[in-house]
Structures are given as structure tokens and as C-alpha cells.
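Data block below; observations after.
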Amino acid sequence: MSDEKKKERIDIHAYLAEFDDIPGTRVFTAQRARKGYWLNQFAMSLMKEENRQKFKEDNAAYLENWNLTDAAKKAVLARDYNAMIDEGGNVYFLSKLFSADGQSFQTAAGSMTGMTPEEYAQMMINGGRSPEGVRSIKEKY
Amino acid sequence: MSDEKKKERIDIHAYLAEFDDIPGTRVFTAQRARKGYWLNQFAMSLMKEENRQKFKEDNAAYLENWNLTDAAKKAVLARDYNAMIDEGGNVYFLSKLFSADGQSFQTAAGSMTGMTPEEYAQMMINGGRSPEGVRSIKEKY
Amino acid sequence: MARVTTGITSSHIPALGAAIQTGTKGNDYWGPVFDGYEPIKKWIYEPGNMPDVIVLVYNDHATAFDMNVIPTFSIGCAESFAPADEGWGPRPVPDVIGHPDLAWHIAQSLILDDFDMCIFNDMKVDHGCTVPLSMVFGEPSEWPCKVIPFPVNVVTYPPPSGRRCFNLGDSIKAAVESFPEDLNVHVWGTGGMSHQLQGPRAGLINKEFDLNFIDMLIKDPETLSRMPHIQYLREAGSEGIELVMWLIMRGALGDKVRDLYTFYHIPASNTALGAMILQPEETAGEPLNPRVVHSGHSLAAAAE
Amino acid sequence: MARVTTGITSSHIPALGAAIQTGTKGNDYWGPVFDGYEPIKKWIYEPGNMPDVIVLVYNDHATAFDMNVIPTFSIGCAESFAPADEGWGPRPVPDVIGHPDLAWHIAQSLILDDFDMCIFNDMKVDHGCTVPLSMVFGEPSEWPCKVIPFPVNVVTYPPPSGRRCFNLGDSIKAAVESFPEDLNVHVWGTGGMSHQLQGPRAGLINKEFDLNFIDMLIKDPETLSRMPHIQYLREAGSEGIELVMWLIMRGALGDKVRDLYTFYHIPASNTALGAMILQPEETAGEPLNPRVVHSGHSLAAAAE
Ligand SMILES: [Fe+3]
Ligand SMILES: [Fe+3]
Chain A
6 MSDEKKKERI
16 DIHAYLAEFD
26 DIPGTRVFTA
36 QRARKGYWLN
46 QFAMSLMKEE
56 NRQKFKEDNA
66 AYLENWNLTD
76 AAKKAVLARD
86 YNAMIDEGGN
96 VYFLSKLFSA
106 DGQSFQTAAG
116 SMTGMTPEEY
126 AQMMINGGRS
136 PEGVRSIKEK
146 Y
Chain B
6 MSDEKKKERI
16 DIHAYLAEFD
26 DIPGTRVFTA
36 QRARKGYWLN
46 QFAMSLMKEE
56 NRQKFKEDNA
66 AYLENWNLTD
76 AAKKAVLARD
86 YNAMIDEGGN
96 VYFLSKLFSA
106 DGQSFQTAAG
116 SMTGMTPEEY
126 AQMMINGGRS
136 PEGVRSIKEK
146 Y
Chain C
1173 MARVTTGITS
1183 SHIPALGAAI
1193 QTGTKGNDYW
1203 GPVFDGYEPI
1213 KKWIYEPGNM
1223 PDVIVLVYND
1233 HATAFDMNVI
1243 PTFSIGCAES
1253 FAPADEGWGP
1263 RPVPDVIGHP
1273 DLAWHIAQSL
1283 ILDDFDMCIF
1293 NDMKVDHGCT
1303 VPLSMVFGEP
1313 SEWPCKVIPF
1323 PVNVVTYPPP
1333 SGRRCFNLGD
1343 SIKAAVESFP
1353 EDLNVHVWGT
1363 GGMSHQLQGP
1373 RAGLINKEFD
1383 LNFIDMLIKD
1393 PETLSRMPHI
1403 QYLREAGSEG
1413 IELVMWLIMR
1423 GALGDKVRDL
1433 YTFYHIPASN
1443 TALGAMILQP
1453 EETAGEPLNP
1463 RVVHSGHSLA
1473 AAAE
Chain D
1173 MARVTTGITS
1183 SHIPALGAAI
1193 QTGTKGNDYW
1203 GPVFDGYEPI
1213 KKWIYEPGNM
1223 PDVIVLVYND
1233 HATAFDMNVI
1243 PTFSIGCAES
1253 FAPADEGWGP
1263 RPVPDVIGHP
1273 DLAWHIAQSL
1283 ILDDFDMCIF
1293 NDMKVDHGCT
1303 VPLSMVFGEP
1313 SEWPCKVIPF
1323 PVNVVTYPPP
1333 SGRRCFNLGD
1343 SIKAAVESFP
1353 EDLNVHVWGT
1363 GGMSHQLQGP
1373 RAGLINKEFD
1383 LNFIDMLIKD
1393 PETLSRMPHI
1403 QYLREAGSEG
1413 IELVMWLIMR
1423 GALGDKVRDL
1433 YTFYHIPASN
1443 TALGAMILQP
1453 EETAGEPLNP
1463 RVVHSGHSLA
1473 AAAE
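Chains as they are written, first to last, in this note's numbering: chain A, 6 to 146; chain B, 6 to 146; chain C, 1173 to 1476; chain D, 1173 to 1476.
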């Protein structure tokens, strides 16, 4: 039909599959967004001071208002950000949680690496994590 | 630069100017949308039963909650839909008002033509208003 | 593999919903309209014709979206969508049940195809979405298939061009065909035909324009898609612009189609009403008999 | 006639806002970062350089938009936009004052140019929008110019391609040039550079990638715009994808640009930070002196 229609299309399955090839990284695809829907909406609720107060008073009770899986609840209570991301959380949504906790992006990000906050901060000062060897699981480069 | 960038662009001023050449018609452009912002938001508020009740109890008092021009207020109170559209109202927004009044789209549309409801209904049954002569002010066709 | 097997067009006039609700759909005024949809209803309940999913293209009539959010192309990716209260209480029809797997797949595919989609997960649907369902499916206690609501802005100017809509349809087709599950997918284009709901020119109907639009939609959508907005406005009335949404449906059917059924009626309330069944030629079924039905004043004028 | 006179890129790291708020911007850690912005601040307050309006391209970080509405390209057309509460109270900065005339003009023009915009009229702005303003303008009681917020989805996949962003920039340029008023318009592209905020790979920084990106952005954005998402993800970390927004800025400057100033610093919190002033070659001013500044570990490594 039209010229525009003859455009080469990206194969969406290949496009999405490549994302699983990056070490230590979960790309926020539809699949993850759907899984993490309520976890992320819970986190968004912490943008209101009154909700933050309620949450601080009783984390577990507050979480009952949201349609969370047990794994998601457990992850939130333990502030286990890797586990939250496994449950479909996204770091920008979850930032409302660590911000409500008075934590910085650096502390939260560092907590996912298995390093202490000091070790992580020092790694950053030293130039950050090198991409060498962590670009691709399959291609190992 | 790229092929896509060489595309012929529509002249937006000419595009918008043509809309003023249609008899008895106000096209809902940005200019109208901005002018009618609060009038249209007022109408949207009538999608809630509790707001409809408040509005029915006292039209004028309810309108005080919205940042309306005097002309817009007067038009709403008089249910003068042409005047509301002149104030930037759009018929789909305003439909919340005539629906809350229990009026149909036909009665509301007909009320803008200067015909009685019966005359308007009969014109529609007879095949509607002919486009002949009302396509263009300038070209008179 | 999923396939777009069928395109349906339908007006989505709120008065049709009111006629069902008030039990007046058999009277002299509404009878011919509902009669004209009867063959579509019969056809869709025949074996093999019921879709698994409908991508239902419609415009939100200042319902889910107000002046604060005006998205050009939206797609509903939620599990379900409740009927909205448009000022007279919600239409008493079942919730629309979505198909999140396919909806997200289409959303992702369209973005990769350079359509700047707006994804919604919490959205009510208005008469634009539910009236066509009522007209085609009648009054079941739940809709017989899944529905992906696909709202298009045709209220605040500029709406997308006919060309953009037509190309979007082609990308929807490609997206559906890359979905691994074996699904019968319909694309419905709703709204139209000629009508104007506002101002001294309200009540405009243009039968010649409408019949030519139907003809071109079948035979030469490529040319039809290049019609500028001003021509819709002049010829088909200010709300006739809704017809650009039919081009999304048409774009999803590929080059050549067979028209199984065409119904055209003047007037339904303020509007000239059109309803069609189209199928891609390669996989098209038999046309209905009669293949073309005119009624109301459109019939009277034809008989002149 | 309005003109896009300047493109500015800037990271929009929330920790920069925190450093201002806590009065630590002069310390050993943050001092070099704020020093690197000093020439930009000085430049922009010089006669003739202050924009009338900034089209500020950024991503909303799950602030104005949650999982219920995910718009690919948005434009804020309101009179003003308040800073959002992102979990620690709103940033104590002035409201962003919009330019509805130009914003609606751009919105309308982009839709005519086949960009499927989502128009917002009631929207709060997050650090993505306000941190660059603080870095460039300091701490005035009100911002010295109007700002049109232009949020781009880079959170939920797929974001728009680099190519789509680059072409959008070109259409923004054309839209600005068809606005009759005589305005000095900036387009700012914010976010980046390499960083990853999640998972065991958090903390990734790729200096080679970033410096090459800067180089290509100046000299060959056409080729740069064809880089697929996966390459951003592998090379620049999962949040490095924000860099596609720099291509919108670049597309708005035309074929050839002069780089007036480039600042690159490692690290600011988790991130490699880049800030540039670019101008279309035909109307470019003099480069600053020094024209390129590296600091933090990026400097140390360069000295090796
Ligand atoms: Fe409609
Ligand atoms: Fe960011």
C-alpha cells in the first residue's frame, strides 16, 4: 500500500527477548508492569503525606490496603529492592518508598548490589561499575 | 536530513483559518478549548450524581464553584447552547448538562438552530439539513 | 497466530442506547434501524464468526478524558472497563472485559512502529464503546467476547489525519499477526456518518458524501485516507469527523476487501447511520442477502 | 518569528536537588559538579542568551503518571505546573510557569505532523523537570523564563526510538518557527548519561559510551539516532535510556551545530553527568573558554 506501510517492522518478540540477556538487570516491560501493578500503585500512594504517616505507623497494616502478593509484601517489609523488582516493581515507583524512608537513590541502588553503602559509594567515586563483562550473558562481553 | 524530515508540512495557520469559513459551526480548536476550559470542566462535574443533585437544587450557587465568565454563567442558566459554545463550550462536554436535565441530543442540537423541537425532528426525518450552500461562507456552495 | 478476520463499522449514537433502555426499539422511528442491524447480529452469532477479541475503535466523548488529558491514540490494557456515567447514570450494560495480553502486545508493537500510544489501565467507557456492542450483540448478561477499547481523539482539534489513522490500522494488523495465540480478532471502526450536533448548522446530513465514503472505503481507502479534515467538516458536519476512525478499521484489513453487508439509514436522531461488515478478500465469507440495505429517508430518496 | 536558538542538555539527578536543599553543594563531593554548571549559569544570564521559553524535555519518574496512564509523548499546555511531592515533600522551588500560547501551537503542529501527542493541562512536575532548572538558574524566587514541560515515557517499555525522538525534535523546530511571535526558544534534553539504578548491575558507568554519545550528538546525530534500545541498555545501564531524550533536543537544532560548552563528570550519586550548550551553526555564538570540562573520576581517568 503506501510507502509508510512498507516500513520494516521490528520483531517484537526478538526485541523483548534481548532484554533477558543483560546480567543483573530487569527491563520494565509490559510483563513486569502487569505483574507489579499493585506494588507500584502502593508505592505511588506514598506521594501523599497522610499516606506516608499511616504507612509509617504500621507498615503491615497499610499494605493490607493493596492487592499485593505475599512475596511483594514480604519484600516491602524487608526493604528488599531486588525482591520488589522481581515482583514487578520499578525503581521510579519504588523511589517513593525509599524516599518516604528518608533514603537516597544511592543507598537504595547500592542495596541491590550486595555491597555495603560505603563500598558502593566508593565504587562510584572510582568511576562506577565497568560495563566490561556485564553487557550480555550469552556473549560474555 | 532524513527522508521523514523532508515531509511536506501542513501550514497550521491555513489549517485553522479554514475552520472559520464554515457557516454556523464552531470547530473546537485550542483557542476554543482554552476559552471554555472551566465551562467544560463544570459540565464534566455533572457526571457525578451528587454533583447533579447539588446543581439541580441551586443552579446559580453551584456555578459559583467554577471559574466561569459572566457570559458563560448566563448561558448555562438560560440553557443557551449556542452561547455556551461561543464561550468555548464543546457539545460533548455540554452533553453532561443536557443529560442531567433529562434532555436528548436531538433536543439540545435542535435548540441551536432556531427551530422548534418538532420542526427540527421533522427536518431530520425529511433527510436532514442539506449541505447545499452551507459548506463555505466565502465560496457560497 | 491471531488474525484480523473482520472489520465492522457502526454508528454509536447514544439515542440507540436510550431506545433499547426505554423499550422503544420496535417503534416506527427506531424499528428500521434495529432491523438494519438484525443481519449483522444474526451473522455474528453464526458458527465461526464470533470474534475472540474486538479492537473497538471509538472516540471518548469527554467522558474518561476531560480538558486535563487529551490523548491522540489510546489503548485500554486493563482486565475490565466499567460503563461511565455520562450524566444520566451509567448505561445498564455489562462491563467490557478486556484482553490484557493482546492489548499490551498491540500497545508495545504500535510504539515500536512509531505510533505514540497512550496506555490506560483504569478507564471507563462511554456510549462510543458500548452502543456498538449493544447494536451488534443485543442485550446479553455479558458480552460474548473480549474487547480492547481503543479511544481516538476527534473532539479537540487537530484529530489525527485520515492518513495517520489508515496507517495505524495497518500496524494494528501487523501487531495482531505477530501475536502467537490463535485468535479471531475483529477491528471495529465506530462513529459517523454525516452529522452535526452544534450551532445553527446542526442537523446536517450528506447522503452523497456518506455513500461515496462507503464506496471508497471498500474500493480505494488509499485515496480516501488523504481527505483533509476540512472536507469532513464542510461535507459531513462537524461531528462527521468521527469517520476518520473507520479508516483505522479499514487499514487493518489489508489491500482488498469484500463487503459482506452495508446498512445505511437516515436519520437516527441527528445522524446518518452506517453499519458494515468487511472482510479481507483472501479469507472473506459470502456476502449476506440482501447485501445492501437502505432505510428511512435514505431509502425514500433512493426510490425517488 | 520564534526560533530555537539553543539546545541544552543536562542530567536531572534528584541528589543535585538534595545537595542544594541541604546546603552541601560546595563540599568536596558536589563542588565540582556545581562548578561545572557555573559557566552555563553565567552564559545564560548574559545579554541575549536568556530564553523566553524553554521546551523542557524530560521523563516523568512515576510522578504525574502512574500505571494507569502511560503516555509516550506529552506536552503541558497549562498556565503553571507545581512541583510534585515525590515522597519527601515537594521540592522547595518556584512553580513552573508555562506558555500556553506556544505550547498549544506546538501541540497542534506536532499532531498535524503525525506525532500522536497527549496534551495535559493539569500536571505536576518532578525532579526531571525542576532539577535542570535549578542547576542552570540557581535559586531564584521565580524562574527567569517560561517553561513548557514535555514528558517522554522512558520508564515502561518500549520508549520511543531514538529515531522517533530525533524526528520529533525536527518537528518541534518547525512548529516553533511557525509561531508568529518573536521568541527566543530553547529546547532542553535532560536525563542521562550512563547509569543503572536497579539490580545487581546497579552503578554501571560507561565513560567511553558517554563521550562517544556526546561526540556523535554534535557531529552525526543522524547515525546516533539509529542506535537500538538494547544498545543503550547494555552499554549505558538501564536508566541510560533517558539519553534518547537528548535526541529530541538535537533534532530541534537542525543539521549542523556548534558545541559551545560540554561538561562531563563521574559520578553524581549513581550517575555519569553530562551538560552541554549547543547552537545551530548559522546563528551560533562563541564557544566558552574552556569549551570542554571534565571532572571527578572522568578527569582522573583522562589524566591517566
Ligand atoms: Fe460519537
Ligand atoms: Fe531521570
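By construction, the Cβ of each residue, glycine as well, lies at the ideal position given by its N, Cα and C atoms.
Excluding the 5 residues flanking it on each side, C:Thr1177 has same chain C-beta neighbours closer than 8 angstroms at Pro1223, Asn1356, Val1357, His1358, Gln1451, Pro1452, Thr1455, in chain order. For the segment 92 to 122 of chain A, the full-length alpha helix (DSSP H) segments reaching 4 residues or more read 96 to 105, 110 to 116 along the chain. Set against 7 angstroms, the gap from the CB of A:Glu13 to the closest heavy atom of ligand 2 is not smaller. Below the 7 angstroms Cβ cutoff, chain B contributes Phe33, Asn95, Tyr97 as neighbours of C:Val1327, in chain order.
Non-local C-beta neighbours of B:Tyr67 in its own chain, meaning closer than 6 angstroms and more than five positions away in sequence, comprise Lys59, Phe60, ordered along the chain.
Residues of chain C with a Cβ closer than 7 angstroms to the Cβ of D:Asn1240 are, in chain order, Phe1292, Asn1293, Asp1294. Relative to ligand 2, the nearest heavy atom lies less than 7 angstroms away from the CB of D:Asn1231. If you check each beta-carbon in the segment 16 to 30 of chain B against every beta-carbon of chain C, the ones closer than 9 angstroms belong to Ile17, Tyr20, Leu21, Glu23, Phe24, Asp26, Ile27, Pro28, Gly29, Thr30. Residue state for B:Ala80 is assigned as helix, using DSSP reduced to three classes.
Using a CB distance below 9 angstroms, the part of the segment 1276 to 1290 of chain D facing chain B consists of Trp1276, His1277, Ala1279, Gln1280, Ser1281, Leu1284, Asp1285, Asp1286, ordered along the chain. Between ligand 2 and D:Glu1414, a heavy atom-to-CB distance of less than 7 angstroms is present. Interface criterion not met: the Cβ of D:Ser1470 is under 8 angstroms from no Cβ in chain B.
Residue pairing by DSSP puts C:Ala1440 in a beta bridge opposite C:Thr1443. Short note on C:His1437: C-beta not closer than 7 angstroms to any heavy atom of ligand 1.
The alpha-carbon separation between B:Tyr86 and B:Asn64 amounts to approximately 16 angstroms.
Taking a contact to require three or more Cβ pairs closer than 8 angstroms, the segment 1226 to 1241 of chain D and the segment 1301 to 1320 of chain D qualify as touching.
When the beta-carbon positions are compared, D:Leu1376 and A:Pro136 come within less than 8 angstroms of each other. Taking 7 angstroms as the cut-off, the C-beta of D:Gly1363 counts as close to a heavy atom of ligand 2. Near chain D, meaning a CB-to-CB distance below 9 angstroms, the residues of the segment 38 to 69 of chain B are Ala38, Arg39, Tyr42. Within 7 angstroms of the CB of C:Ala1346, the CB atoms of chain A belong to Arg14, in sequence order along the chain.
Listed along chain C are Asp1288, each with a C-beta nearer than 7 angstroms to that of D:Phe1245. Short note on D:Gly1409: C-beta not closer than 7 angstroms to any heavy atom of ligand 2.
Interface flag for D:Arg1336 against chain C is set, since a Cβ pair is found closer than 8 angstroms.
For C:Val1326, no pairing in a beta bridge is given by DSSP. Taking a beta-carbon distance threshold of 8 angstroms, D:Asp1257 counts as an interface residue toward chain A. As summarised for the segment 1295 to 1339 of chain D, the continuous beta strand (DSSP E) elements at least 3 residues long and confined to that stretch are 1318 to 1323, given in chain order. Among the residues facing chain D, C:Pro1332 is included, as its CB has a counterpart in that chain under 8 angstroms away. Interface residue (Cβ-Cβ distance to chain B less than 8 angstroms): C:Arg1430 is not classified as such. At least one CB of chain C lies nearer than 8 angstroms to the CB of B:Lys101. Per DSSP, reduced to three states, the secondary structure at A:Met89 is helical.
The C-beta of D:Ser1252 comes no closer than 8 angstroms to any C-beta of chain B. Excluding its 5 nearest sequence neighbours in each direction, C:Thr1235 has C-beta neighbours in its own chain below 7 angstroms: Ala1256, Glu1258, Lys1296, Asp1298, listed in chain order.
Nearest CB-CB separation between D:Pro1321 and chain B: not below the 8 angstroms threshold. Between A:Gly133 and chain D, the shortest Cβ-Cβ separation is below 8 angstroms. Between the alpha carbons of C:His1277 and D:Gly1409 lies a gap of roughly 25 angstroms. The segment 72 to 90 of chain A and the segment 107 to 121 of chain A touch, with three or more beta-carbon pairs separated by less than 8 angstroms.
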